[in-house]
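K.L.:
One line per chain: the protein sequences are Y and S, in this order.
If you read the first sequence in the working numbering, its first letter stands for residue 1, the second for the next number, and so on.
If you read the second sequence in the working numbering, its first letter stands for residue 1001, the second for the next number, and so on.
I'd like to ask some things about the structure below.
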Amino acid sequence: MIKSVKFKNKIINTIIYSILSFMSVVWLFPVAWLIMQSFRKEPGAFTSYIIPKTWTLDNYIKLFTETKLFNFPRWFLNTLLVAIAACIITTILVLLTAYAFSRLRFKMRKPMMNVILILGMFPGFMSMIAIYHILKAVGLTQSLLALILVYSGGAAMGYYIAKGFFDTVPYSIDEAAMLDGANKNQVFWKIILPMSKPVVIYTILTSFLAPWMDFIFVSVIMKDNYQNYTVALGLYQMLSRENIQAYFTQFCAGAVLIAVPITILFINMQKYYVSGVTSGGAKG
Amino acid sequence: MKKIFNIIIKTISSFFVSIINGFKNYFSNFIKGDSITKISYFVMGFGCVMRKQVVKGIIFLTVQLSYLFYMFTKGFYYLQMLTTLGVKEQGEVWDATAQIYRIQLGDNSMLLLLFGVTTVFISVAFFLVYFGSVKNAYQNEINIKNNIKIKSFKEELDDLLDSKYHITILSIPTILTFAFTIMPLIFMILMAFTNFDGNHQPPGKLFTWVGLTNFSSVLVSNPLWSKTFMRLLVWTIIWAFFATSLNYVLGILLAIMINKQGIKLKKMWRTIFVTTIAVPQFVSLLLMSKLLADNGALNNLLINFNFIKTFIPFLSDADVAKVVVIIVNLWVGIPYSMLISSGILMNIPKDLYEASKIDGANSVKQFFSITLPYMLHVTTPYLITQFVGNINNFNVIYLLTGGGPKSLNLYQAGETDLLVTWLYKLTTEAQNYALASTIGIIIFVILATFSLISYNMTSAVKEEDTFS
């Protein structure tokens, strides 16, 4: 009897292993294909075989040397600059907003939270297109400053995850500090913030990564100002109908350069991501 | 349902009651107040300066003077122009003295609308400060009468770091949200009531208010528009339903398999799937679209191996493309829901499973009667946000199919276009801002109704209510 249960379990595990292996292949195939294409020497967009016949590093080298049409190094610096600036502003705004909604009690608290909830239901592009016109009216379009403002301007609305975290810190800690004569400003900077390392790291990371991943907002704002493109938009241009034959392998190389650091960061930070999404989601 | 309406009615009515009370206090304080308070009604900050709050008083006065300066130099003009959105069209005008045609610069309807809205915002902000200053003046008078010490500027600044800390830390986020979310939204919402389309492009042409014409065109009177709208609406809902539910259930199943007792290398399996989340979507999805193109890698491969004779139209046939889009979205979405459900699965009490095992339930039954209900209970808010996110899911459709294949039966849209990608195309390709804004408002109404109803039916909202 026991033997048959064990046997049955073994069969089930074998089935699960094969499903998992199959799924892993499916999931990793595009990633592996991307990496292999980035080392392919043969020109053209597509080949009728998967593994390149000759391997080369040329695609990576060309990205940094042939900058006439696609100025990858410049885009890279643009993105880095925007990402750092947006990350600093966003992190401060998000943490302060989350602290206010989590810890402070004031008359406008609920109404403001409701308004933010409602604002989140409008499609993002609607305001995006209007922002373009506003930036144009003040003469800021096609500049990196505009991009920084756009990425960090609405940041406070994404306060949910940080609030969810602050909610889990017991209020008695605040009270103890206030009995010792600390004001709320000091409580936030000296007590709550040092205790909230995970959510601070999470916020810094997500806001730093956003400019690397987004290409829609950039394309609306930058239009044809190639010098101020970010990496994402620049790479997107490489796959347009007239460029894809010549630049496909370079696109792959650029994509690998972006994806590798992001992947490493994300794998190390996934536990913060999960706790953020689940705790933040449940508390609305 | 009743509960939602109660909340809405309560919110609206309390809003009006507070406004009416505010005005009542405003007038009664004017009558009750002494002459200093009365002067403060016309010269902001007067009450503060006369009662030892000099710095605060000067700030109030500066606000008032700069507002008046703005209004008299520009503000009133913009407010007036808001009614017509410009009257002077750009064109050639006969100059009688020089005997030539001169190009006359016309009004720019869009800038007039934008500056008009800005002026309204500035005015609202000013009146809030104004009411604050009036209240402050009266409060000072009362405090002096009752021998309560009036706070010095230094003490008020200290308050801003403690009992009024929320004002300090929320003012900048609020201003930015107004500038980059609320004002643009109102600007766009107003566009839905104008005829700002391809034939009315500023600065060359004027556009003006047309009331609800756009809404009636989309919903009824323009057959091509309303047909496009209905088709895309149905597809958007089908898409959002499958994209959300399949990702969710399959993600849970994957998590269960990885977490099952006896399965080794759990961390490795999880990392494999997490890797694909970390690859930026514009990379992975663009790659997929090239992989699945008619002359793309997958078709090439299949033809080379003699599995098929001609290419499979993965993305170029309307019906096939719709299925492919949902399947590719599984590739994107399953790792997310696997990651999120992993943690929650471990929290399900083990004895539930043991008890059901004794009752003779097999794993399939356990999944449907224990795991799924438990997960649904915990993650409903997540599911709602996912559904809303999928209705607005721009990336997957735009990067994968670009909305295509194109269709002659639809206005400026392809077969797999969602309402949001249609909205995007309407602005970037057709320049029909009026129609795009109308669609945006309709999407909002659908989403808002859906979210309000579903949030009110979940228990998580009740918990938040008791929390505060």
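Cβ coordinates follow ideal geometry from the N, Cα and C atoms, glycine included.
Since the model is a prediction, treat every value here as computed from it, not as a measurement.
Given a threshold of 16 other Cβ atoms within 10 Å of its Cβ, counted over all protein chains shown, does Ile-1397/S qualify as buried or as exposed?
P.N.:
So Ile-1397/S counts as buried.
K.L.:
Cβ atoms of Val-1055/S and Phe-1126/S: under 7 Å apart, would you say?
P.N.:
no
K.L.:
Anything in chain B within Cβ reach of Tyr-1424/S, meaning under 7 Å, just list it in chain order.
P.N.:
The structure shown contains no chain B; its protein chains are Y and S.
K.L.:
Return helix, strand or coil for Tyr-1101/S, following the three-state DSSP convention.
P.N.:
strand
K.L.:
Indicate whether Tyr-159/Y and Ala-98/Y have their beta-carbon atoms separated by less than 7 Å.
P.N.:
yes
K.L.:
Using the rule of at least 16 other Cβ atoms within 10 Å of the residue's Cβ for burial, across every protein chain shown, is Trp-1235/S buried or exposed?
P.N.:
With 16 or more Cβ atoms within 10 Å of its Cβ, Trp-1235/S is classed as buried.
K.L.:
Please state whether DSSP places Asn-1393/S in a helix, a strand or coil.
P.N.:
coil
K.L.:
In this structure, what does DSSP give as the bridge partners for Lys-1406/S?
P.N.:
Gly-1414/S
K.L.:
Note down the Cα distance separating Tyr-236/Y from Ser-21/Y, rounded to an integer number of angstroms.
P.N.:
Inter-residue distance for Tyr-236/Y and Ser-21/Y is about 32 Å (C-alpha atoms, whole angstroms).
K.L.:
Tell me whether Ile-19/Y is buried or exposed, calling it buried when 16 or more other Cβ atoms sit within 10 Å of its Cβ.
P.N.:
Answer is exposed; the Cβ neighbour count stays below 16.
K.L.:
Going by the beta-carbon positions, is the gap between Val-82/Y and Leu-147/Y smaller than 7 Å?
P.N.:
yes
K.L.:
Which residues in chain S sit within 7 Å of Ile-88/Y, going by Cβ to Cβ distance?
P.N.:
Those within 7 Å of Ile-88/Y in chain S number zero; the least Cβ separation is about 13 Å.
K.L.:
What does the alpha-carbon distance come out to for the pair Met-113/Y and Val-1324/S?
P.N.:
Approximately 38 Å, taken between the alpha carbons.
K.L.:
Measure how close the beta-carbons of Lys-184/Y and Tyr-1165/S come, nearest whole angstrom, since I'm counting them as under 8 Å.
P.N.:
Right, their Cβ atoms sit about 4 Å apart.
K.L.:
Check for me: the beta strand (DSSP E) holding Glu-1471/S runs from which residue to which?
P.N.:
Since the first residue of chain S shown is 1001 and the last is 1468, residue 1471/S is not available in this structure.
K.L.:
From this set, Leu-1176/S, Ile-1150/S, Lys-1145/S, Glu-1141/S, which residue's C-alpha is nearest Leu-149/Y's C-alpha?
P.N.:
Leu-1176/S
K.L.:
Closer than 8 Å by C-beta to Ala-282/Y: which residues in its own chain qualify, once you throw out the five before and the five after it? Chain order, please.
P.N.:
Bear in mind that the predicted position of Ala-282/Y carries a pLDDT of just 40, short of 50, making it too unreliable to give a figure here.
K.L.:
In this structure, does DSSP put Arg-40/Y in helix, strand or coil?
P.N.:
strand
K.L.:
Find out if the Cβ-Cβ distance for the pair Ser-38/Y, Asn-71/Y is shorter than 7 Å.
P.N.:
no
K.L.:
Rounded to whole angstroms, what is the Cα-Cα separation between Thr-1244/S and Asn-1006/S?
P.N.:
30 Å
K.L.:
According to DSSP, simplified to helix, strand and coil, what is Thr-1037/S?
P.N.:
helix
K.L.:
So, with DSSP's three-state summary, where would you put Thr-67/Y?
P.N.:
coil
K.L.:
Trp-55/Y versus chain S: which residues are under 8 Å apart at the beta carbon?
P.N.:
Those within 8 Å of Trp-55/Y in chain S number zero; the least Cβ separation is about 18 Å.
K.L.:
Pull up the distance between the alpha-carbon of Lys-1024/S and that of Tyr-1424/S, whole angstroms please.
P.N.:
47 Å
K.L.:
Does the Cβ-Cβ distance between Val-169/Y and Met-195/Y come in under 7 Å?
P.N.:
yes
K.L.:
Which word fits Ile-15/Y, buried or exposed, when buried means at least 16 other C-beta atoms lie within 10 angstroms of its C-beta?
P.N.:
Ile-15/Y is exposed by the Cβ-count criterion.
K.L.:
Quickly, what does DSSP pair Thr-1194/S with across the bridge? List them, please.
P.N.:
Secondary-structure assignment with DSSP links Thr-1194/S through a beta bridge to Trp-1209/S.
K.L.:
Measure the CB-CB distance between Leu-1285/S and Leu-1399/S and report whether it falls below 7 Å.
P.N.:
yes
K.L.:
Please name the residue, chosen from Ala-45/Y, Ile-88/Y, Tyr-132/Y, Asp-167/Y, that lies closest to Ala-1179/S on a Cα-to-Cα basis.
P.N.:
Taking only the C-alpha atoms, the option nearest Ala-1179/S is Tyr-132/Y.
K.L.:
Anything in the region 1345 to 1366 of chain S with a Cβ closer than 7 Å to a Cβ of chain Y? List those residues in chain order, please.
P.N.:
For the region 1345 to 1366 of chain S, which is checked against every Cβ of chain Y, not one residue is closer than 7 Å.
K.L.:
Given a cut-off of 7 Å, decide if Gly-1045/S and Phe-1060/S are closer than it, judged by their beta-carbon atoms.
P.N.:
yes
K.L.:
Taking any Cβ of chain S, which residues in the region 245 to 266 of chain Y have a Cβ under 7 Å from it, in chain order?
P.N.:
Ala-255, Ile-258, Ala-259, Ile-262, Thr-263, Phe-266
K.L.:
Provide the residue(s) that pair with Trp-55/Y in DSSP beta bridges, ordered along the chain.
P.N.:
When DSSP reads this structure, Trp-55/Y sits in a beta bridge with Arg-40/Y.
K.L.:
Please tell me whether Phe-1187/S has its Cβ less than 7 Å away from any Cβ of chain Y.
P.N.:
With a threshold of 7 Å between beta carbons, Phe-1187/S makes contact with chain Y.
K.L.:
Taking the alpha helix (DSSP H) that Thr-1119/S falls in, what are its first and last residues?
P.N.:
1109 to 1145
K.L.:
Just how far apart, CA to CA, sit Leu-1315/S and Tyr-1382/S?
P.N.:
30 Å
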